[in-house]
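Novice: Okay, here's the structure, questions in a sec.
Number of protein chains: 2
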Amino acid sequence: MTRYALTLEFDGAPYMGLQRQAHGPSVQQSVEEAVFALTGETTGMHAAGRTDAGVHALGMKVHIDIQKPFTPFTLSEGMNARLRPHPIAVVGCEVVPDDWHARFSCIGRSYIYRIANRRAPLTLERGKAWQVPKPLDAAAMHRAAQILVGLHDFTTFRSAHCQSQSPLKTLDRLDVRREGEMVLIEAEARSFLHHQVRSMVGCLALVGLGRWDERKLAEALEARDRQALGLNSPPDGLYFVKAIYPED
Amino acid sequence: MTRYALTLEFDGAPYMGLQRQAHGPSVQQSVEEAVFALTGETTGMHAAGRTDAGVHALGMKVHIDIQKPFTPFTLSEGMNARLRPHPIAVVGCEVVPDDWHARFSCIGRSYIYRIANRRAPLTLERGKAWQVPKPLDAAAMHRAAQILVGLHDFTTFRSAHCQSQSPLKTLDRLDVRREGEMVLIEAEARSFLHHQVRSMVGCLALVGLGRWDERKLAEALEARDRQALGLNSPPDGLYFVKAIYPED
């Protein structure tokens, strides 16, 4: 048995989420079926994060165990051939120790959220960004975002379905910048609560629109109450960028 | 009657091309139907360029004549509402003089071509770039591209279906640069022949792969013969960026 760490890029639009679901297609199902088609082996895929329906990934890290011998190159080529026509690609592959775990060994995760700040409906970016028609003040959003950085009880920014034992998380970075009509929000932490990035982005958008000020955002955080959440942003704009491990 | 210049953004994937076609959907048909839905008027759309099936636009300029009164804002909002769910959006709208013509008044056109230079299949970029698996030397492509800049007989780089009276065109700019895994090619001219950008990109890719050198490219140009073309690139990576007018 050899353990391989795969870096996956995928378009989340056709999936109910990364994790295998009883009621619809998932990234995990497609990957496990590709492994079976390639090797005849039944394996379980483990991922650094659990992304929701419609959420994309540029560099999701997962691991799989395989008996049949492969080099990282032949495995990624074989997987990519079997993954077609799914919009999932293996963009990196390496052999890792048997005790390395994509989820439990991971010490950092980063996301990017893309807002298309324009009146016109999206065409080429459809499903790949959140369209906000009214002008956003990205500088005000960045200033307000700094309120959320650090160790906090993020109950307000946590889905009712969140399975994390504690709502206490340390947010390492939350940067907002404008690039033309796009407003980009980058978030980094050891780990995130369910819906945390989308919930933070939703409230930052309210700040960017001038409907919330920094005091209102601070109050929402301090409330530790999901009812205090102003807005949850849609999944379309969210991308899992990178998982970080001690050896990186 | 008022003449409006619209700036269109569209995803070319679902269309047989920009121009109305008997055998399938076109951007022109969708736009003319949106005008009819909005105004009850039958109008003909005229465009700065005629893009092929699968070719995208970031800023295609077109004009339409409408009797019913609109401000540019109400026209673009009304058009965008009626264009749904088509991946076509009005991203700019202005009133122009009655003798202004999107095609005949245009004095410059620019395109960008996007090559995803990577082994892994495309996921988020599927249909939006040309995937070239082997490494491309973008610097060598840029140097070779300068052979094509200037006034030339571009017969080699012209489709058999090209309706232009002359194969003589002045290419003002052809720049190649790498941004991460993407190789971007920007082309500017007063006008282009049918398939000219895709044909030039195809041959530059051969240079980038080391299969052609600059001498081979110069010979292909001098041959003035479609048979001398090395490779025509697919439409997926091509974007009409901008049309330029004397008043700009």
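Chains as they are written, first to last, in UniProt numbering: chain A, 1 to 248; chain B, 1 to 248.
Every residue, glycine too, gets a C-beta built ideally from N, C-alpha and C.
(1) If we call anything under 8 Å between Cβ atoms a contact, is Leu-193/A one with Phe-240/A?
(2) When the cut-off is 8 Å and only beta carbons count, does Ala-89/B lie next to chain A?
(3) For Gly-230/A, which residues of its own chain have a beta-carbon under 7 Å away from its beta-carbon, when the five flanking residues on both sides are left out?
(4) For Gln-165/A and Leu-209/B, what's the separation of their Cα atoms in angstroms?
(5) Entirely within the UniProt domain "Pseudouridine synthase I TruA alpha/beta" (144-246) of chain B and at least 3 residues each: give me those beta strand (DSSP E) ranges in chain order.
(6) What runs of the beta strand (DSSP E), each 3 residues or longer, lie entirely inside the UniProt domain "Pseudouridine synthase I TruA alpha/beta" (9-104) of chain A?
(7) Is the Cβ of Arg-126/B closer than 8 Å to any Cβ of chain A?
(8) Would Ala-47/B and Ala-89/B qualify as a contact pair, given that the criterion is a beta-carbon distance under 8 Å?
(9) Tell me, to the nearest whole angstrom, how far the beta carbon of Ser-110/A is from that of Lys-242/A; I am working on the premise that it is less than 8 Å.
(10) If contacts are defined as beta-carbon pairs under 8 Å, then Gly-191/B and Phe-157/B qualify, I think. What distance do you get, rounded to the angstrom?
(11) Considering only C-alpha positions, which residue in the set Glu-188/B, Gly-92/B and Lys-128/B is nearest to Lys-61/B?
(12) At which residues does the beta strand (DSSP E) containing Ile-115/A begin and terminate?
(13) Below 7 Å between beta carbons is the criterion; list the residues of the UniProt domain "Pseudouridine synthase I TruA alpha/beta" (144-246) of chain A that meet it against any residue of chain B, in chain order.
(14) Do Gly-67/A and Met-16/A have their C-beta atoms closer together than 8 Å?
(15) Can you list, in chain order, the residues of its chain with a C-beta nearer than 8 Å to that of Met-182/B? Leave out the 5 residues immediately preceding and following it.
(16) Run through chain A and tell me which residues come within less than 7 Å of Thr-123/B, C-beta to C-beta.
(17) Please decide whether Arg-82/B counts as near chain A, where near means a Cβ-Cβ distance under 8 Å.
(18) Helix, strand or coil for Ala-129/A? Go by DSSP, reduced to three states.
(19) Would you mind working out which of Met-45/B, His-161/B, Ile-147/B and Ala-138/B sits nearest Val-31/B, comparing C-alpha positions?
(20) Applying the 10 Å Cβ sphere with the 16-neighbour rule, what's the burial state of Gly-150/A?
(21) I'd like to know whether the C-beta of His-63/B is nearer than 8 Å to at least one C-beta of chain A.
(22) I want to see whether chain B comes within less than 8 Å of Ala-53/A, judged by CB atoms only; does it?
(23) Can you pull the chain E neighbours of Ala-120/B, defined as C-beta to C-beta under 8 Å?
(24) What does His-56/B reach in chain A if we use C-beta pairs closer than 7 Å?
(25) If Leu-18/A and Ser-26/A are in contact, beta carbons under 8 Å, what's the gap, nearest whole angstrom?
(26) So which of Ile-64/A, Asp-65/A and Gly-49/A has the shortest CA-CA distance to Leu-58/A?
(27) Report yes if the CB atom of Asp-172/B is closer than 8 Å to the CB atom of Ala-189/B, and no otherwise.
(28) Residues in its own chain within less than 8 Å of Met-69/A by CB, not counting five upstream and five downstream?
(29) Does Ala-120/B come out as helix, strand or coil in the three-state DSSP assignment?
(30) Whole angstroms are fine: how far does the CA of Pro-14/A sit from the CA of Arg-227/B?
(31) So Phe-10/A packs on His-56/A, CB below 8 Å; how close in whole Å?
(32) Just to confirm my understanding: we take Tyr-245/B, look at its own chain, exclude 5 residues before and 5 after, and list those with CB closer than 7 Å. What are they?
(33) Rounded to whole angstroms, what's the CA-CA distance from Arg-177/B to Glu-94/B? Just pull it up for me.
(34) Quick check: the Cα distance between Leu-217/B and Asp-52/B, rounded to an integer number of angstroms?
Specialist: In this structure, then:
(1) Residue numbering aside, residue 193/A sits at position 193 when the first sequence is read from its first letter. Residue numbering aside, residue 240/A sits at position 240 when the first sequence is read from its first letter. Result no, Cβ atoms of Leu-193/A and Phe-240/A do not sit closer than 8 Å.
(2) The count along the second sequence starts at 1 and reaches residue 89/B at position 89. Chain A, which has a Cβ nearer than 8 Å to the Cβ of Ala-89/B, makes this yes.
(3) On the first sequence, residue 230/A is found 230 positions in, with the first residue counted as 1. Correct list, in chain order: Gly-202, Cys-203, Leu-206, Trp-212 and Ala-220.
(4) Looking up residue 165/A in the first sequence gives position 165. Looking up residue 209/B in the second sequence gives position 209. Near 53 Å, if we compare the C-alpha coordinates of Leu-209/B and Gln-165/A.
(5) 150-153, 168-179, 182-189 and 238-244
(6) 56-66 and 88-96
(7) The sequence position of residue 126/B within the second sequence is 126, counting from 1. Output row for Arg-126/B: interface = yes.
(8) On the second sequence, residue 47/B is found 47 positions in, with the first residue counted as 1. On the second sequence, residue 89/B is found 89 positions in, with the first residue counted as 1. The answer is no: Cβ separation not under 8 Å.
(9) Within the first sequence, numbered from 1, the residue matching residue 110/A stands at position 110. Within the first sequence, numbered from 1, the residue matching residue 242/A stands at position 242. At roughly 5 Å, the Cβ-Cβ gap stays under 8 Å, so Ser-110/A and Lys-242/A are in contact.
(10) As a working note, residue 191/B is residue 191 in the second sequence. As a working note, residue 157/B is residue 157 in the second sequence. The residue you asked about is not Gly; residue 191/B is Ser in the sequence shown. Not quite, the Cβ-Cβ distance comes to about 13 Å (not below 8 Å), so this is no contact.
(11) Within the second sequence, the letter at position 61 stands for residue 61/B. Checking every option, the nearest Cα to that of Lys-61/B belongs to Gly-92/B.
(12) As a working note, residue 115/A is residue 115 in the first sequence. Note, Ile-115/A: beta strand (DSSP E), 108-116.
(13) none
(14) Residue mapping note: residue 67/A aligns to position 67 of the first sequence, counting from 1. Residue mapping note: residue 16/A aligns to position 16 of the first sequence, counting from 1. Rather than Gly, the amino acid found at residue 67/A in this sequence is Gln. Not closer than 8 Å, so no.
(15) The residue you call residue 182/B lines up with position 182 of the second sequence. So the list reads Arg-114, Ile-115, Ala-116, Asn-117 and Ala-129, once near-sequence residues are dropped.
(16) The count along the second sequence starts at 1 and reaches residue 123/B at position 123. Ordered by position in chain A, the residues that pass the 7 Å Cβ test against Thr-123/B are Glu-9, Phe-10, Asp-11, Pro-87, Ile-88 and Ala-89.
(17) Here the question's residue 82/B lines up with position 82 in the second sequence. No, its Cβ sits nowhere closer than 8 Å to a Cβ of chain A.
(18) By 1-based counting over the first sequence, the position of residue 129/A is 129. Note: Ala-129/A maps to coil in three-state DSSP.
(19) As a first step, residue 31/B is located in the second sequence; it is residue number 31 there, counting from the start. Comparing Cα positions, the closest option is Met-45/B.
(20) Indexing the first sequence from 1 puts residue 150/A at position 150. By the neighbour-count rule (16 or more Cβ atoms within 10 Å), Gly-150/A is not buried but exposed.
(21) Here residue 63/B is taken as the residue at index 63 of the second sequence, counted from 1. No, because no Cβ of chain A sits closer than 8 Å to the Cβ of His-63/B.
(22) Residue mapping note: residue 53/A aligns to position 53 of the first sequence, counting from 1. No - not a single Cβ of chain B is within 8 Å of the one on Ala-53/A.
(23) No chain E is part of this structure, whose protein chains are labelled A and B.
(24) Residue numbering aside, residue 56/B sits at position 56 when the second sequence is read from its first letter. Ordered by position in chain A, the residues that pass the 7 Å Cβ test against His-56/B are Leu-124.
(25) Indexing the first sequence from 1 puts residue 18/A at position 18. Indexing the first sequence from 1 puts residue 26/A at position 26. Leu-18/A to Ser-26/A, Cβ: 6 Å. Contact.
(26) Here residue 58/A refers to the residue found at position 58 of the first sequence. The shortest C-alpha separation from Leu-58/A is found at Gly-49/A.
(27) Counting from one through the second sequence, the residue named residue 172/B turns up at place 172. Counting from one through the second sequence, the residue named residue 189/B turns up at place 189. In this structure, Ala-189/B lies closer than 8 Å to Asp-172/B by Cβ.
(28) Taking the first residue of the first sequence as 1, we reach residue 69/A at position 69. Here the sequence assigns Pro to residue 69/A, which means Met is not the residue at that position. Contacts found: Thr-2.
(29) Translated into the one-based positions of the second sequence, residue 120/B becomes position 120. Looking at Ala-120/B - three-state DSSP - the assignment turns out to be coil, as it is neither helix nor strand.
(30) For the purposes of this step, residue 227/B is taken as residue 227 along the second sequence, with counting starting at 1. For the purposes of this step, residue 14/A is taken as residue 14 along the first sequence, with counting starting at 1. Reading the sequence as shown, one finds Gln at residue 227/B and not Arg. Spanning the two alpha carbons is a distance of roughly 42 Å.
(31) Mapped onto the first sequence, residue 10/A falls at position 10. Mapped onto the first sequence, residue 56/A falls at position 56. Between His-56/A and Phe-10/A the Cβ distance is about 7 Å, and since that is below 8 Å, they are a contact.
(32) Along the second sequence, one-based indexing puts residue 245/B at 245. Closer than 7 Å at Cβ, skipping near neighbours: Ser-105, Cys-106 and Ile-107.
(33) Translated into the one-based positions of the second sequence, residue 177/B becomes position 177. Translated into the one-based positions of the second sequence, residue 94/B becomes position 94. So the two alpha carbons sit approximately 34 Å from each other.
(34) Your numbering for residue 217/B matches position 217 in the second sequence. Your numbering for residue 52/B matches position 52 in the second sequence. Whole-angstrom Cα-Cα distance: 25 Å.
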